[in-house]
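Enquirer: Under the numbering used here, residues -5 to 209 are what the sequence shown spells out, in order.
Glycine included, C-beta positions come from ideal geometry on N, C-alpha and C.
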Amino acid sequence: MLARSAASLDLLSGGRLAMGLGAGGFTDAIVAMGGPRRTPGESRRALDEAMTIMREIWDTDTRGGVHFHGDFYTVDGAKRGPRPAHDIPIWVGAYKPRMLELVGRRCDGWLPSLSYLENGVDDLAGMNAAIDDAATAAGRDPGDIDRFLNLGGHLSSDDSDPLSGPMTTWPQALCDLAVEHRVTGFIVATDDLDTIRALGTEVAPAARELIAARQ
């Protein structure tokens, strides 16, 4: 159902959808909705299987139904499609070594949240290296894996933290993340229209200019 819903949304949006997934970090919430309680290892393997099934559903060039028999999911002849408007990229939030290995081996993008990094942006270098090593071991080009970052999206007059301070501090901070840590895109966690407008019309253009000057 998730794969088909994603494909439908991709068609409606003209090929703009990216699929963000995780291995189930909110276990109690999953159980409250009727889902199983799994260990971290089980959750990781279940996510690996789920990605295989989703990509098979989207693959309408292959004839016949989808057949998959894993440790967590079984599919016997499910109909393929709908075909999405484009190859939907799968981005996964990951922090631990085995999840980072999964990103490097199978995913199109990595999407951690800044607030979940124990040492802030200093954690990115080591995690990027783990993804690169896994990608290389799997015969993939590490450069094909996009790197994103979830940000809080809070503007304030306090300039002690450049990513939650005034707009003047944001462009350089975003530039540093893009150049030094290969972050290719930022997801801003806010629904405040004024903040979104300011980030889109003032911060983003200024950050792009700084990035271009350093490349």
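Given L168, which residues of its chain have a CB within under 6 Å of its CB, disregarding the five upstream and five downstream residues?
Expert: Cβ within range, chain order: A201.
Enquirer: Less than 9 Å between the beta carbons of I82 and W104, yes or no?
Expert: No.
Enquirer: What are the boundary residues of the beta strand (DSSP E) that D70 is part of?
Expert: D70 -> beta strand (DSSP E) spans 68 to 72.
Enquirer: Do G98 and D117 have their C-beta atoms closer together than 9 Å?
Expert: No, these two residues do not count as a Cβ contact at 9 Å.
Enquirer: Looking at C-alpha atoms only, which residue of A131, T162, L6, L108 is the closest neighbour of H175?
Expert: Comparing Cα positions, the closest option is L108.
Enquirer: Is the separation between the beta-carbon of N144 and that of A183 shorter than 9 Å?
Expert: For N144 and A183, yes; Cβs fall inside 9 Å.
Enquirer: For the alpha helix (DSSP H) that contains G295, what are its first and last residues?
Expert: In the structure as shown, the chain begins at -5 and stops at 209. Residue 295 is therefore absent and cannot be evaluated.
Enquirer: Hey, would you say D65 sits closer than 9 Å to R39, going by beta carbons?
Expert: Yes, the Cβ-Cβ distance between D65 and R39 is below 9 Å.
Enquirer: For the alpha helix (DSSP H) that R(-2) lies in, which residues bound it at each end?
Expert: Unbroken alpha helix (DSSP H) run through R(-2): -4 to 6.
Enquirer: Between the alpha carbons of P30 and K90, how many angstroms are there, rounded?
Expert: One C-alpha to the other measures close to 21 Å.
Enquirer: Which ranges would you report for the beta strand (DSSP E) in the region 3 to 60 if only whole runs of at least 3 residues count?
Expert: As far as the region 3 to 60 is concerned, its whole beta strand (DSSP E) runs of at least 3 residues are 13 to 15.
Enquirer: Alpha helix (DSSP H) containing L111: first to last residue?
Expert: From DSSP, L111 is part of no alpha helix (DSSP H); its letter is neither H nor E.
Enquirer: Output yes or no for whether 9 Å exceeds the beta carbon distance between P76 and T54.
Expert: Against a cut-off of 9 Å, the Cβ pair of T54 and P76 comes out as a contact.
Enquirer: What does a CB cutoff of less than 8 Å around R208 pick up in its chain, not counting 5 residues either side in sequence?
Expert: Answer for R208: C169, V173, listed in chain order.
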